[in-house]
Amino acid sequence: MTVFPASQVVPLLRAIADPEGTGRVRPDDAATLRQVERNVAAYERRDDA
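The working numbering applies: residue 38 is where the sequence shown begins, and numbers increase by one.
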C-alpha cells in the first residue's frame, strides 16, 4: 500500500522549487526533478509487475 501516491512526488517538488508557478526552476533543481521523475517511473513499473 502506498501512503503517498508516487505520481504526485514530482508535481509536489516542482511546486516547492517554483512557488510562483513561473515554469522556471534553477538548473540544479531541474536536474533533481528529472532524476526523481525517472526514479518514480522505475518504481511504478516495478510496482506494476
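C-beta: ideal position from N, C-alpha, C; glycine also. Just so it is clear, the structure is predicted and the values come from calculations on it, not from any experiment.
Proximity to residue i [Cα-Cα], best of the options
i, options, result
"Leu70", "Arg51, Ala78, Glu81", "Arg51"
"Ala67", "Pro48, Ala78, Arg83", "Pro48"
For residue i, the first and last residue of its enclosing alpha helix (DSSP H)
i, result
"Ala52", "46-54"
DSSP three-state assignment for residue i, whether helix, strand or coil
i, result
"Arg82", "helix"
"Thr69", "helix"
"Arg87", "With the chain covering only 38 through 86, there is no way to say anything about residue 87."
Supposed close pair residue i, residue j - CB separation, criterion 8 Å
i, j, result
"Val73", "Ser44", "Between Ser44 and Val73 the Cβ distance is about 12 Å, and since that is not below 8 Å, they are no contact."
"Val46", "Asp55", "With 8 Å as the limit, Val46 and Asp55 do not qualify as a contact, their Cβ atoms being about 15 Å apart."
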